[in-house]
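Chain order of the listed sequences is A and B. Note that my numbering gives residue 423 to position 423 of the first sequence, counting from 1, and the numbers run on in steps of one. In short: position in the second sequence from 1, add 436, done, that's my numbering.
Number of protein chains: 2
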Amino acid sequence: MIISRRAVIGASAASLFEANGASVLRVDGARLRGDLEALSVFGRPSGGTFADGVSRVGYSPSDVAGRRFVMDAMEKAGARPRLDAAGNIFCRRAGLEDSLPPVLFGSHIDSVPSGGNFDGDLGVLSSLEVLRVLQAAGLRTRRPLEVVVWACEEATFNGNSLNGSRVVAGKMKPGELDEVSSGVKKADAIRAIGGDPARIETARMRPGAFHAYLELHIEQGGILDRERIPIGVVDGIVCVDRYSVVAEGFANHAGTTPMADRRDALVAASQLVLAVREIVMAEQGGQVGTVGHLEVTPNAANIIPGLVKMNIELRDLSTAKLQRLASRIRERAAKITADTRVRIAIDPLMHHESALAAASVQRVIEDQARMLELRYRHLPSGAGHDAQMMATLGPMGMIFVPSIGGISHSPKEVTSWDDCARGANVLLHAVLALAA
Amino acid sequence: MIISRRAVIGASAASLFEANGASVLRVDGARLRGDLEALSVFGRPSGGTFADGVSRVGYSPSDVAGRRFVMDAMEKAGARPRLDAAGNIFCRRAGLEDSLPPVLFGSHIDSVPSGGNFDGDLGVLSSLEVLRVLQAAGLRTRRPLEVVVWACEEATFNGNSLNGSRVVAGKMKPGELDEVSSGVKKADAIRAIGGDPARIETARMRPGAFHAYLELHIEQGGILDRERIPIGVVDGIVCVDRYSVVAEGFANHAGTTPMADRRDALVAASQLVLAVREIVMAEQGGQVGTVGHLEVTPNAANIIPGLVKMNIELRDLSTAKLQRLASRIRERAAKITADTRVRIAIDPLMHHESALAAASVQRVIEDQARMLELRYRHLPSGAGHDAQMMATLGPMGMIFVPSIGGISHSPKEVTSWDDCARGANVLLHAVLALAA
Chain A
1 MIISRRAVIG ASAASLFEAN GASVLRVDGA RLRGDLEALS VFGRPSGGTF
51 ADGVSRVGYS PSDVAGRRFV MDAMEKAGAR PRLDAAGNIF CRRAGLEDSL
101 PPVLFGSHID SVPSGGNFDG DLGVLSSLEV LRVLQAAGLR TRRPLEVVVW
151 ACEEATFNGN SLNGSRVVAG KMKPGELDEV SSGVKKADAI RAIGGDPARI
201 ETARMRPGAF HAYLELHIEQ GGILDRERIP IGVVDGIVCV DRYSVVAEGF
251 ANHAGTTPMA DRRDALVAAS QLVLAVREIV MAEQGGQVGT VGHLEVTPNA
301 ANIIPGLVKM NIELRDLSTA KLQRLASRIR ERAAKITADT RVRIAIDPLM
351 HHESALAAAS VQRVIEDQAR MLELRYRHLP SGAGHDAQMM ATLGPMGMIF
401 VPSIGGISHS PKEVTSWDDC ARGANVLLHA VLALAA
Chain B
437 MIISRRAVIG ASAASLFEAN GASVLRVDGA RLRGDLEALS VFGRPSGGTF
487 ADGVSRVGYS PSDVAGRRFV MDAMEKAGAR PRLDAAGNIF CRRAGLEDSL
537 PPVLFGSHID SVPSGGNFDG DLGVLSSLEV LRVLQAAGLR TRRPLEVVVW
587 ACEEATFNGN SLNGSRVVAG KMKPGELDEV SSGVKKADAI RAIGGDPARI
637 ETARMRPGAF HAYLELHIEQ GGILDRERIP IGVVDGIVCV DRYSVVAEGF
687 ANHAGTTPMA DRRDALVAAS QLVLAVREIV MAEQGGQVGT VGHLEVTPNA
737 ANIIPGLVKM NIELRDLSTA KLQRLASRIR ERAAKITADT RVRIAIDPLM
787 HHESALAAAS VQRVIEDQAR MLELRYRHLP SGAGHDAQMM ATLGPMGMIF
837 VPSIGGISHS PKEVTSWDDC ARGANVLLHA VLALAA
């Protein structure tokens, strides 16, 4: 309670703590649920319900519509949204000492194709809820607050993820604006959400531009749910290495080409898919490896596949382990080429370093969970988050809430409404504590 | 020569055989080449050349444009095209005894995606060339002639092939007109090429409706090319069994789901792709098995694949052998399901019986090859053809010409211009012999 008390400046303590001091400022869980349900219609499968999940792919028309919804909600909460050149949405609430670096908090609203309604959305709408609670309570914090909605967090543009926050962290790749995905140039995609690719560098933030960055997110794994713990204090985000693979055989007629004469790219790719799993599982530890994306050309029942493009993704806290696994996968690919006469090229597509949460921010989160009488535990994040980009600029912390059954990136992704509200309350008080 | 002589009725023998009897009626090889080059622009990759092949998928706008080109060429050859209700193009040349059943000959002009410029096109344009040669020579055959361009021969509508000829043979499946492929209903696809789905039954032919059916086609395998033999006399078309496979696992986050907890549909599908190859190759013989089509859902680098849809295609002259192979594949799929917790459903999608060429028509083809002093050999067809549908209605024969390197269903599909003309000359004289 002490921390929350300290966070509040220029407001009546009575509005935060009732007479007996047993009750503290809380988010409106029903309003938060209403927001999550309202946002879920943008990108919902036609004829579906909330339970059918969402395909709100970054930069798509449903992403644009969802962002419009969020910006309208910001306006209604008395905070004017502004866009940076990368298309990230910011919304500032002045502080009593407004020249201090702000407390920055938020998440994203874009989803993977056929994703769920909590990944990202919960963090954005809880941040909005924090603004509303402060507005309703007439509270002004010492430091300014800044809510952010990051552009295209998911790996849906040529396998590139953290698209908005990477610009802010100055980690855009050379030529990235000219990249084309599904026929759309990245510069045009950014323009479609209101960004300004010609001035993209203006979106960059300097280290120290914020006092701390906070993000509430669903765990997307099953640890909190299995252990019945409502709050996770993230101690770091794993390293992610992603590779693009091209297997090039020779397309030919499936009826007239003898089995022994074939150079079937899908046969080679299938061997590689199984090799990735086998190599990743051969070592002890929590590392994971996935082939999530695979495309066959020409992809007709009566043609031997001539070309397969796929991605390999490896994740672990240890970069060295990932490099060791990748080198074993390359060795295996060379053997597959020798066996099948299908050439295999493996090229790095993305590398996200592991990112540690600041010990000071972790402590603030722990304190608020204790104050709210919520059990918590520390855990790493197996998923990447915009928070890892912010960790390169200043102190970062993340709050996790349970994913039922550990399910995520799926329409079946669910977090209980009570856990959503619990996470939002921890966010609210962590923001207040950090802004004090 | 005797057979060609007999074929000609009502024309001066001098127009066919020059004074010394050493020279016979011939197609114009340069004109045939010009036609093949002219047709190749419809569906050509943008910025490409003839060597870049063609994507003239049945029922597509480029198919419509190519069909228009062929119908215009028919008009110019003095023969009026007509469409049946399935969208097949027919073009009749009256005979001296015009009430006799016609000699029917032709092929198709639709291609697989990223296919070549000879598969189908050669048979259609050679048939057109036969009409021109007869018109230029002022020859009239005893029987009427009928050239046909079959609609959508390739397996490009939901994996269904021989779409036009199956209607004519009365082998359309129940409900097939209501099937949807890439968002297009089959009835609408047929309408797009000028067919009339409401009257589809009128396209059916009775057995005996034609005197014989002839089709000139590239081999699409490497036998003739390897043995340097210009003419293949087809003795039959293999049986084709095609299955649709659905592997259903569970889509989840690729970073947060431990390897042991996954139900990865692509891992299971990869095992099945390799099992098909292994099972097909475990037996002696010329049978082939292919997974040419595979689609991953949701197909993002950071999501464990929840669903894979694919096709399995098996071909052999023996139906019994194909059933034995399919049953082994099903057994293996059950084992994969037990290992991976990914459900696998395998359903029959298509079954084409093997079809024998009529001995009498084979003999006519052999005779013309000998008369033209062209070496020939007998061989089976590993590929399906509209001819197999015609074999259910009357005597059928096919003439093959060499595919360089056995390459087909690829932009690299090539038959030498000389071999194209040789095949067209055999077609010309076989038509004349059968029409006598």
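For glycine and all other residues, C-beta sits at the position ideal for the given N, C-alpha and C. These numbers were taken from a predicted model, which means no experiment stands behind them.
Per the Cβ contact rule, the stretch 187-204 of chain A is not in contact with the stretch 213-231 of chain A (fewer than 3 Cβ pairs under 8 Å). Annotated three-state conformation of residue 783/B is strand, per DSSP. In the structure shown, the three-state DSSP call for residue 771/B is helix. Residue pairing by DSSP places residue 401/A opposite 218/A in a beta bridge. When the alpha-carbon of residue 809/B is set against those of 666/B, 717/B, 468/B, the nearest one is in 666/B.
Taken atom to atom, the span from the alpha-carbon of residue 852/B to that of residue 553/B is near 12 Å. In the displayed model, residue 305/A falls within coil according to three-state DSSP, outside both helix and strand.
Using a CB distance below 8 Å, the part of the stretch 729-758 of chain B facing chain A consists of 729, 730, 731, 732, 733, 734, 735, 736, 737, 738, 739, 740, 741, 742, 747, 749, 751, ordered along the chain.
At a cut-off of 9 Å between C-beta atoms, residue 130/A does not count as an interface residue with respect to chain B. Residue 771/B is classed as exposed because its beta carbon has fewer than 16 other beta carbons within 10 Å across all chains shown. Under the Cβ criterion of 9 Å, residue 331/A is not counted among the residues facing chain B. For residue 865/B, the enclosing alpha helix (DSSP H) starts and ends at 853-871. Across the stretch 220-248 of chain A, CB contacts with chain B closer than 8 Å involve 220, 221, 222, 238, 240, 242, in sequence order along the chain.
In terms of CA proximity to residue 686/B, 405/A leads the group 158/A, 102/A, 405/A. Put simply, the backbone Cα of residue 78/A is about 9 Å away from that of residue 131/A.
Only residues of its own chain outside the window of five on either side were considered, and among them 597 have a CB closer than 6 Å to the CB of residue 591/B, listed in chain order. Secondary structure at residue 94/A: coil, using DSSP grouped into helix, strand and coil. Around the Cβ of residue 476/B, a 10 Å sphere holds 16 or more other Cβ atoms; the residue is buried.
The beta carbon of residue 189/A sits closer than 6 Å to those of 59, all from its chain and outside the five residues before and after it, given in chain order. Among the CB atoms of chain B, none fall inside 9 Å of the CB of residue 395/A. Per DSSP, the unbroken beta strand (DSSP E) holding residue 240/A starts and ends at 239-248. Residue contact with chain B for residue 271/A: present (Cβ-Cβ distance below 9 Å to some residue of chain B). Proximity of chain B to residue 252/A at the Cβ level (cut-off 7 Å) is accounted for by 843, 844, 845, 846, in chain order. Following the DSSP letters along the chain, one finds residue 541/B inside the beta strand (DSSP E) bounded by residues 539-544.
In the structure shown, residue 599/B falls within a helical segment according to DSSP collapsed to helix, strand and coil. A residue is called buried when at least 16 other Cβ atoms come within 10 angstroms of its Cβ; residue 180/A does not meet this threshold and is exposed. Residue contact check for residue 590/B against chain A: a CB pair falls below 9 Å.
In terms of Cα proximity to residue 827/B, the closest of 524/B, 569/B, 670/B, 499/B is 670/B. Rounded to whole angstroms, the Cβ separation of residue 829/B and residue 645/B is 6 Å, and the two are in contact under 8 Å. Judged by beta-carbon spacing, residue 384/A lies beyond the 9 Å limit of residue 400/A, meaning their Cβ atoms are not closer than that value.
Under the Cβ criterion of 9 Å, residue 277/A is counted among the residues facing chain B. Classified as buried, residue 265/A has 16 or more neighbouring CB atoms from the shown chains inside 10 Å of its CB.
The alpha-carbon separation between residue 865/B and residue 804/B amounts to approximately 6 Å. Taking 9 Å as the threshold, the shortest C-beta distance from residue 484/B to chain A does not fall below it. Interface with chain B (9 Å Cβ-Cβ cutoff): residue 114/A is included. Taking a beta-carbon distance threshold of 9 Å, residue 258/A counts as an interface residue toward chain B.
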